[in-house]
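Numbering (the numbering used here), first residue to last: 62 to 344.
Scroll down for the structure; my scribbles are underneath it.
In structure tokens form, the structure reads like this:
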């Protein structure tokens, strides 16, 4: 049984209080922000840029069937709903609370929505059903990347595209300078499930190339967005749920705060890599 990430409890509360928007992922900056406190909308704009990077990889056209796996609060499908016409827009998520938030989106331009409670590794759709699949910053939570990609391949039509943003953390297992298992415990406590946290997967593009070949996809685009997403932590660690963000010597008793601080440190020290990926299903 798939596990709902714990941090969504606070995200849902924040959304209902108007503190969090529909995007529940990092942001993208081509140039780093000068001051994280200078513009309250800076992070949301950066999240829109990251979302757009994934949508661009999907190469959408009017009249397509699109599935968002791990759809969060529906931010990606809401953007597609605003721009394209006659689209079947479907979201899948294991958390019915998030799907309730998604269901508040009003269809436009003769589009229509469906929302499904579903495990990304056992999707309840027939073969060759969707033209496009998107997955924004959710795949690292899934029980198996390979199983998810196999499911995506199964339900995509020939020539279909899977567009993904993914995050990986590779730790130096050969080093005895730090008990890295502690890092894993902190991350699982705050941001889990993260089944392959600290594994060797995702350090190099070749890992995704091999995975694509094993499943039957062609990996047609891969972009290293590690640097572009790094400023996100100036904002995520500054929010109320991470009160100790500015004090590296602090020991916050909030598991989410600890995980947010550690994620920032891993990103800043290049243990975390962030990727934009486009997979194509051959004819």
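Even for Gly, the Cβ is constructed at its ideal location relative to N, Cα and C.
CB of residue i within 8 Å of CB of residue j, strictly
i, j, result
"residue 127", "residue 191", "yes"
"residue 283", "residue 210", "no"
"residue 335", "residue 290", "yes"
"residue 177", "residue 151", "yes"
"residue 203", "residue 181", "yes"
"residue 84", "residue 102", "no"
"residue 207", "residue 272", "yes"
"residue 295", "residue 198", "no"
"residue 162", "residue 201", "no"
"residue 153", "residue 184", "yes"
"residue 216", "residue 188", "yes"
"residue 224", "residue 195", "yes"
Same chain, Cβ closer than 8 Å to residue i, five either side skipped, listed in chain order
i, result
"residue 333", "228, 229, 230, 287, 324 and 327"
"residue 220", "341, 342, 343 and 344"
"residue 320", "68, 247, 248, 250, 251 and 252"
"residue 205", "182 and 256"
"residue 264", "229, 231 and 334"
"residue 330", "none"
Per DSSP, cross-strand counterpart(s) of residue i
i, result
"residue 224", "195 and 339"
"residue 217", "191"
"residue 334", "229"
"residue 150", "127 and 174"
"residue 285", "336"
"residue 259", "231"
7 Å CB neighbourhood of residue i in its chain, flanking five on each side removed
i, result
"residue 301", "With a pLDDT of only 39 at residue 301, under the threshold of 50, the placement of this residue in the model should not be trusted; the figure read from the coordinates follows. Counting only Cβ-Cβ distances below 7 Å, and skipping sequence neighbours, we find nothing."
"residue 65", "155 and 156"
"residue 164", "176"
"residue 91", "289"
"residue 266", "283"
"residue 76", "134 and 162"
"residue 298", "306, 321, 322 and 325"
Residues near residue i by beta carbon distance below 6 Å, same chain, minus five either side
i, result
"residue 268", "262"
"residue 17", "In the structure as shown, the chain starts at 62 and stops at 344, and residue 17 therefore has no counterpart that could be examined."
"residue 136", "83 and 84"
"residue 94", "103 and 292"
"residue 254", "64 and 202"
Beta carbon proximity, residue i to chain C, threshold 8 Å
i, result
"residue 125", "This model lacks chain C altogether, as it is built from one protein chain only."
contact_flag[the stretch 143-156, the stretch 112-130] where n(CB pairs < 8 Å) is 3 or more: Yes: the two stretches touch, three or more of their Cβ pairs being nearer than 8 Å.
Any 3 or more C-beta pairs closer than 8 Å across the stretch 101-108 and the stretch 70-80: no
Three or more C-beta pairs below 8 Å linking the stretch 66-74 and the stretch 151-161: yes
Complete runs of the alpha helix (DSSP H) confined to the stretch 78-148 [at least 4 residues]: You should have 103-119 and 136-144.
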